[in-house]
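Below is one structure; the comments refer to it alone.
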Amino acid sequence: MFYISEEELKFKKDTNPEYFDKKLNHIFMKELFNLKNIYPFHDFVQITRNATLYFLNRTYLDETVVFFEDCSILKINFIGDGFEWSEHYDSEISTSFYYGRYSIRI
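For the record, in the sequence shown the residue sitting at position 31 is 30 according to numbering that gives the first Met the number 0, with numbers rising by one throughout.
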């Protein structure tokens, strides 16, 4: 089982010049695909689904929204035998996105 911790993402952001101006959601997806290129995963979609569970997330059917500490958001839509994702940032997201289907209960 592979997962990428938020501390590891922050470390990569602080130490890798390629990531200096990137948000954690972008680094997360880049590192997942780096792992895919190194290791022969049988089911990369399931690896991705499991890796998102280590972060604050909201899941509804085949959609997962992952919230990162730097206010970046990753929306993943699992379709068939693959997935698509989009990167969002706090200033681009409307209140309805946060408090609609993906409400957070504390």
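By construction, the Cβ of each residue, glycine as well, lies at the ideal position given by its N, Cα and C atoms.
Query: Collapsed DSSP secondary structure at Glu7 in the structure displayed; Result: helix
Query: Inter-residue Cα distance where the pair is Trp84 and Leu31; Result: 13 Å
Query: Sequence-distant residues of its chain with Cβ nearer than 6 Å to Tyr88 (five each side left out); Result: Ser71
Query: Nearest-angstrom Cα separation, counted from Leu52 out to Asp61; Result: 14 Å
Query: Whole-angstrom distance between Asn49 and Lys74, CA atom to CA atom; Result: 14 Å
Query: Residue burial classification, Asn36 (beta-carbon count within 10 angstroms, cutoff 16); Result: exposed
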